[in-house]
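Peer 1: Quick one: this structure, given as structure tokens, is what I'll be asking you about.
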Amino acid sequence: MKWTWFHKLGSPPYVYRLARSIGPWLYALAALTIGYGVVAGLFFAPADYQQGDAFRIIYVHAPAAWMSLSAYTTMALAGAVALIWRIKIGHAVAAACAPIGASFTLAALITGSLWGRPMWGTFWAWDPRLTSELILMFLYFGVMSLRQAFDDPARGDRTAAVLAIVGVVNVPIIHYSVQWWNSLHQGATVAKFAKPSMPGSMLWPLLSVLLGFMLFFGAVLCTRLRAEVLNRERQSSWIKEALSSR
Amino acid sequence: MNVSTAGAVQIIIRRELRLSFRRPDQLIQPLMFFLIVTTLFPLALSPQLSVLRDIAPGVLWVGALLSSLLAVEGMFRADADDGTLEQLVLSGHSLTVIVIAKTCAHWLLSGVALVLVAPVMAAALSVPAESFWLIMASLALGTLTLSWLGAIGAALTVGLKRGSVMLSLIVLPLAMPLLIFGASATDRAIHGDSAAGPLYLLGALCLFTSTLAPFAASAALRITME
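Here it is as structure tokens:
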């Protein structure tokens, strides 16, 4: 009997209602934590002794980069669950994850290049982390367009899940190979600043924004998941009920 | 008729080899593509030998990557169209073993041919002849890895009408580590440094994909065949 909650998660009506009820809470909590982090980070944290105020973009950049990876992992996990146990809702979760993760990746790339401008003097440097983030973006594109490429949506779902799993195995390889690549080719033409150990007044806002981004990811996932479920189950009878019961 | 697994592998490899020797254009076209692409770079950049030697690793590896994408596209396509693939799936042999046999046969043709042609283009890019063996070794490992990655991509896109763009979108990001280590091994070989480090890493990538890619490719094939 312990496992009933797990089985319920495989049922689209249950997931739809669950997403509808916890979505608003996640948005509210995300607004609180991001709000605190941004205000504390932008106005109250001390300026960096080397980078001045320019470092403050870290409060968006680092959490976005972190979320880009964990969204990909979530997508691959959801795809694996859907493939292995044939739980169809997993494909809906994976499909909902992909655009959010790609957006986080894009945000990390844009904020990274904005940060690079004052620090390195250029918008784009072939810095290992930026490069692997760019490749991650390509992986997202591949999964998203493969899902769209098939006429039969079920087939698109399952091939995209296989590709996501293959990609998640490759992400660490890409990460390390890109890191070695830059050290193999050339010395530090772009001096990478050593990461300073942060004082608490800098660190807490960062952690708060990170938590906020996770909550925000969950919240947007709820919204997108509802849309996915509605679209996938548009032929079923419970839809009318669920929509009228509001 | 009962055929053992080893017998099935042998039959598939022999069949693939015979088919492509009967219709060699599928083998030759990617090679021509490789030759043409590598010719583009001196025309676009500079005919100076010192410049060419500097860009040679990148040119050779990007050319190899693109031409192997071209070669791998038809890996399952013809067999899926005429129903051979279904017969192979129904034969009772593990689909993973079948994928391994087909990929090995594919590499024996396209990969080995590319490795044999590469020194010609390397010489044209004024690469010193002493480094040819190392370049060929790195390309041999690289093309085998590419065949495995390509097998996954080809299996995922076999049901698509216009699969070639999709295939490159899928395979190229996965192949970037390979490009990094391959070009770096070639670069070191050209400059007379020890290429052992990147070569070992290439070998590791090759082993890694050889062990895992067959499972991914056969899972993908099973999905697209349904």
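Note that the protein sequences, when read in sequence, are chains A and B.
Residue numbering for the first sequence follows my numbering, starting at 6 and increasing by one per position.
Residue numbering for the second sequence follows my numbering, starting at 129 and increasing by one per position.
Heads up, the beta-carbon is just placed ideally off N, CA and C, and yes, glycines get one too.
Predicted, not measured: the structure shown is a model, and the values here were computed from it.
Taking 7 Å as the limit between beta carbons, can you name the residues of its chain near L277(B), skipping five residues before and five after?
Peer 2: Position 149 of the second sequence, counted from the start, is the residue given in the question as residue 277(B). Within the same chain, L277(B) has close Cβ partners V299, L302, A303, T337, A341.
Peer 1: Between the alpha carbons of L193(B) and E246(A), how many angstroms are there, rounded?
Peer 2: Translated into positions along the second sequence, residue 193(B) becomes position 65. Translated into positions along the first sequence, residue 246(A) becomes position 241. Approximately 53 Å between the Cα atoms of the pair.
Peer 1: Mapping DSSP to helix, strand and coil, what is G320(B)?
Peer 2: Taking the first residue of the second sequence as position 1, residue 320(B) is located at position 192. It is coil, neither helix nor strand.
Peer 1: Quick one: Cα of R134(A) to Cα of V174(A), how far?
Peer 2: Locating residue 134(A) in the first sequence gives position 129, counting from the first residue. Locating residue 174(A) in the first sequence gives position 169, counting from the first residue. If I take the Cα positions, the gap works out to 18 Å.
Peer 1: Mind checking whether A311(B) and G186(B) have CB atoms under 8 Å apart?
Peer 2: Here residue 311(B) is taken as the residue at index 183 of the second sequence, counted from 1. Here residue 186(B) is taken as the residue at index 58 of the second sequence, counted from 1. Result yes, Cβ atoms of A311(B) and G186(B) sit closer than 8 Å.
Peer 1: Considering only the beta carbon of each residue, do S137(A) and H96(A) sit closer than 8 Å?
Peer 2: As a working note, residue 137(A) is residue 132 in the first sequence. As a working note, residue 96(A) is residue 91 in the first sequence. Contact: no.
Peer 1: Distance, Cα to Cα, A250(B) vs M264(B)?
Peer 2: Position 122 of the second sequence holds residue 250(B). Position 136 of the second sequence holds residue 264(B). Each residue's Cα considered, the two are about 10 Å apart.
Peer 1: With DSSP as the reference, please indicate the residues paired to P209(B) in a beta bridge.
Peer 2: Here residue 209(B) refers to the residue found at position 81 of the second sequence. Per the sequence presented here, residue 209(B) reads as Asp, with Pro not at that position. According to DSSP, D209(B) bridges with nothing at all.
Peer 1: Please give me, in chain order, every unbroken run of the alpha helix (DSSP H) with length at least 4 that falls completely inside the stretch 72-137 of chain A.
Peer 2: Segments of the alpha helix (DSSP H) lying fully in the stretch 72-137 of chain A: 93-125.
Peer 1: Any Cβ of chain B within less than 8 Å of the Cβ of V176(A)?
Peer 2: Residue mapping note: residue 176(A) aligns to position 171 of the first sequence, counting from 1. Not one chain B Cβ lies under 8 Å of V176(A).
Peer 1: Taking 8 Å as the CB-CB limit, is R152(A) close to chain B?
Peer 2: One-based indexing of the first sequence puts residue 152(A) at position 147. For R152(A), the answer is no, since every Cβ of chain B falls outside 8 Å of its Cβ.
Peer 1: Any idea what DSSP makes of D53(A), helix, strand or coil?
Peer 2: In the first sequence, the residue the question calls residue 53(A) occupies position 48. Strand, per DSSP.
Peer 1: Check the Cβ of T352(B) against every Cβ in chain A and list those closer than 8 Å, keeping chain order.
Peer 2: Position 224 of the second sequence, counted from the first residue, corresponds to residue 352(B). Ordered by position in chain A, the residues that pass the 8 Å Cβ test against T352(B) are R160, T164.
Peer 1: Between the Cα of M80(A) and those of W30(A), L235(A), V171(A), P204(A), spot the shortest distance and give me the residue it belongs to.
Peer 2: Mapped onto the first sequence, residue 80(A) falls at position 75. Among W30(A), L235(A), V171(A), P204(A), the Cα nearest to that of M80(A) belongs to V171(A).
Peer 1: Tell me the DSSP secondary structure of Q215(B) in three-state form.
Peer 2: By 1-based counting over the second sequence, the position of residue 215(B) is 87. Helix.
Peer 1: In whole angstroms, what separates the C-alpha of L141(A) from that of G270(B)?
Peer 2: The residue labelled residue 141(A) in the question sits at position 136 within the first sequence. The residue labelled residue 270(B) in the question sits at position 142 within the second sequence. Distance between the alpha carbons of L141(A) and G270(B) is about 22 Å.
Peer 1: Measuring straight from C-alpha to C-alpha, what distance separates V286(B) and F222(A)?
Peer 2: What you label residue 286(B) is simply residue 158 of the second sequence in a count that begins at 1. What you label residue 222(A) is simply residue 217 of the first sequence in a count that begins at 1. Roughly 34 Å between the two C-alpha positions.
Peer 1: Any beta carbon from chain A within less than 8 Å of F149(B)'s own beta carbon?
Peer 2: For the purposes of this step, residue 149(B) is taken as the residue at position 21 of the second sequence. For F149(B), the answer is no, since every Cβ of chain A falls outside 8 Å of its Cβ.
Peer 1: Using a threshold of 8 Å, state whether the C-beta atoms of S148(B) and T224(B) are closer than that.
Peer 2: For the purposes of this step, residue 148(B) is identified with residue 20 of the second sequence, where counting begins at 1. For the purposes of this step, residue 224(B) is identified with residue 96 of the second sequence, where counting begins at 1. Taking 8 Å as the Cβ cut-off, S148(B) and T224(B) do not qualify as a contacting pair.
Peer 1: Below 8 Å between beta carbons: does that hold for F109(A) and M72(A)?
Peer 2: Looking up residue 109(A) in the first sequence gives position 104. Looking up residue 72(A) in the first sequence gives position 67. Cβ atoms of F109(A) and M72(A): closer than 8 Å.
Peer 1: Would you call the CB atoms of L349(B) and A268(B) closer than 8 Å?
Peer 2: Start at 1 with the first residue of the second sequence, and residue 349(B) comes out as number 221. Start at 1 with the first residue of the second sequence, and residue 268(B) comes out as number 140. In this structure, A268(B) does not lie closer than 8 Å to L349(B) by Cβ.
Peer 1: Would you call the stretch 58-67 of chain A and the stretch 204-216 of chain A in contact, with 3 or more CB pairs under 8 Å?
Peer 2: Yes: the two stretches touch, three or more of their Cβ pairs being nearer than 8 Å.
Peer 1: By DSSP, does A303(B) sit in helix, in strand, or in coil?
Peer 2: Counting from one through the second sequence, the residue named residue 303(B) turns up at place 175. In the structure shown, A303(B) sits in coil (DSSP, three-state: anything other than H, G, I, E or B).
Peer 1: Whose C-alpha, out of M160(B), V165(B), A229(B), F309(B), is nearest the C-alpha of C334(B)?
Peer 2: Within the second sequence, the letter at position 206 stands for residue 334(B). Considering only alpha carbons, the answer is F309(B).
Peer 1: Between K13(A), T9(A), R22(A), L14(A), which has its C-alpha nearest W243(A)'s C-alpha?
Peer 2: Numbered from its first residue, the first sequence carries residue 243(A) at position 238. When each option's Cα is compared against that of W243(A), the closest is R22(A).
Peer 1: Would you kindly check if the distance between the Cβ of A35(A) and the Cβ of A99(A) is under 8 Å?
Peer 2: Mapped onto the first sequence, residue 99(A) falls at position 94. Mapped onto the first sequence, residue 35(A) falls at position 30. No, the Cβ-Cβ distance between A99(A) and A35(A) is not below 8 Å.
Peer 1: Ignore the nearest five residues each way along the sequence and tell me which others in L215(A)'s own chain have a CB closer than 7 Å to its CB.
Peer 2: Along the first sequence, read from residue 1 onward, the residue named residue 215(A) stands at position 210. Answer for L215(A): P68, W71, listed in chain order.
Peer 1: Rounded to a whole number of angstroms, what is the C-alpha to C-alpha distance between S132(B) and L213(B)?
Peer 2: The residue you call residue 132(B) lines up with position 4 of the second sequence. The residue you call residue 213(B) lines up with position 85 of the second sequence. One C-alpha to the other measures close to 18 Å.
Peer 1: Determine whether the Cβ of I298(B) lies closer than 8 Å to any Cβ atom of chain A.
Peer 2: Mapped onto the second sequence, residue 298(B) falls at position 170. So yes, I298(B) belongs to the interface.
Peer 1: Listed in chain order, which residues of the stretch 53-76 of chain A have Cβ atoms closer than 9 Å to some Cβ of chain B?
Peer 2: Under the 9 Å Cβ criterion, the stretch 53-76 of chain A contributes no residue.
Peer 1: Write down the C-beta distance between V44(A) and Y64(A) rounded to the nearest angstrom, noting that I regard them as a contact closer than 8 Å.
Peer 2: If you number the first sequence from 1, residue 44(A) lands on position 39. If you number the first sequence from 1, residue 64(A) lands on position 59. Wrong, their Cβ atoms sit about 10 Å apart, outside the cutoff.
Peer 1: Restricting to Cα atoms, I'd like to know which of I351(B), I139(B), Q157(B), M160(B) is closest to D157(A).
Peer 2: As a working note, residue 157(A) is residue 152 in the first sequence. Checked all of I351(B), I139(B), Q157(B), M160(B); the closest Cα to D157(A) is I351(B).
Peer 1: Out of Q157(B), D210(B), L306(B), S178(B), point me to the one whose CA is closest to M190(B)'s CA.
Peer 2: The residue you call residue 190(B) lines up with position 62 of the second sequence. Here the sequence assigns Val to residue 190(B), which means Met is not the residue at that position. Of Q157(B), D210(B), L306(B), S178(B), the residue nearest in Cα terms is L306(B).
Peer 1: Just the chain B side, please: which residues come within less than 7 Å of I140(A) by C-beta, in chain order?
Peer 2: The residue given as residue 140(A) occupies position 135 in the first sequence. Within 7 Å Cβ-Cβ: P301, M304.
Peer 1: Is there at least one Cβ from chain B nearer than 8 Å to G147(A)'s Cβ?
Peer 2: In the first sequence, the residue the question calls residue 147(A) occupies position 142. Yes, because at least one Cβ of chain B sits closer than 8 Å to the Cβ of G147(A).
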